[in-house]
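Contents: one structure, followed by commentary.
Chains as they are written, first to last, in our numbering: chain B, 77 to 255; chain C, 77 to 255.
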């Protein structure tokens, strides 16, 4: 990502935090992360976020999605120290559409070989408006997208190790690279 | 605590959440906890709070302190499943004065028997205004008090087991009893 693009999306995130009445220090504003997932199509697939704290045990972040922006499908797999990241999303502003992997269907057990998970896994849609929340347990595929106003979402989780996230789209690179 | 008093302090907490621009659902407003610590002096020693989530691993709460109200000195001791609760306080509204146990002084090592910890333990004062935060590690004594506007504080922590907290004042009962 080019420095100018980083600054532009960082400033959009600051505007969203202001709309959500979330107060950040000036130092925090300088640490806002802009993730383009290596796809260079920020208006469709991207995420802005700030990490308040990330200890060995607990992480808290504030996520910003611009209008209609999507955070793509991924999961938090088993790690050396736990079964994977657990996270609760709480909507603070706007509307977020969250899609979470549900139970596998019977076909998966009875009809190997698998041709693709899309035939076998049901995704549940959860719509969150301000004050509503949902907990995603480890190693569970999920993705989310903002409505027309965008969204600000608090995330309460176990330790965050973004570099270990597994994205379904193999082109994705979670760790931002600003030129 | 009498039901009328509970309702009065719950309503004060709702007003503080509104000042802090924190959105709760109506169902959540009905679950606001009012802790008088068994002391029946809420205007001096008390706490209002809501627990968003409390899984085996992660807890998130929103704490309300009314003007000049104090949450009394306590610590979160070792539990069967961990070394004790770890918690980060992030101020969202008002001002909170946080006092956290620091290093013991040399006297403690050289002058037994101890007559009282107040001679040996230094408490650090941390003042938090909106956007500022502080992490308290397990088994560390701490207490906190709001300034003249009161305070709203987000707490991000490991699992919460309030009934295991150890308060310095032996008269204290953390779990509220509403008549």
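Note that the Cβ used here is the ideal one computed from N, Cα and C, for glycine as well.
Scanning the region 86–142 of chain B for uninterrupted beta strand (DSSP E) segments of 3 residues or longer gives 109–111, 123–130 and 135–141, listed from N- to C-terminal end.
Checking the DSSP bridge columns, you'll see residue 209/C partnered with 166/C. Counting the other Cβ atoms within 10 Å of the Cβ of residue 203/C gives fewer than 16, which makes it exposed. At least 7 Å separates the CB of residue 130/B from every CB of chain C. Close CB contacts of residue 238/C within its chain, under the 7 Å cut and outside five residues either way in sequence, are with 250 and 251 (chain order). DSSP places residue 240/B in the helix class (H, G or I) of the three-state scheme. Remark: three or more beta-carbon pairs, one from each stretch, lie closer than 8 Å, so the region 161–169 of chain B and the region 222–242 of chain B are flagged as touching. When the five nearest sequence neighbours on each side are left out, the beta carbons in the same chain lying within less than 6 Å of the beta carbon of residue 221/B are those of 146 and 173, in order along the chain. For residue 154/C, there is no enclosing beta strand (DSSP E), as DSSP gives it neither H nor E.
Around the beta-carbon of residue 92/C, 16 or more other beta-carbon atoms lie within 10 Å, marking it buried. Boundaries of the beta strand (DSSP E) harbouring residue 223/C: 218–233, taken from the DSSP string. Straight through space, the alpha carbons of residue 85/B and residue 111/C are spaced by roughly 43 Å.
Taking a Cβ-Cβ threshold of 7 Å, the residues of chain B close to residue 100/C are 207, in chain order. Residue 97/B has a beta carbon lying within less than 7 Å of a beta carbon in chain C. What residue 127/B touches in chain C, judged by beta-carbon distance under 9 Å, is nothing: the nearest beta carbon there is about 11 Å away.
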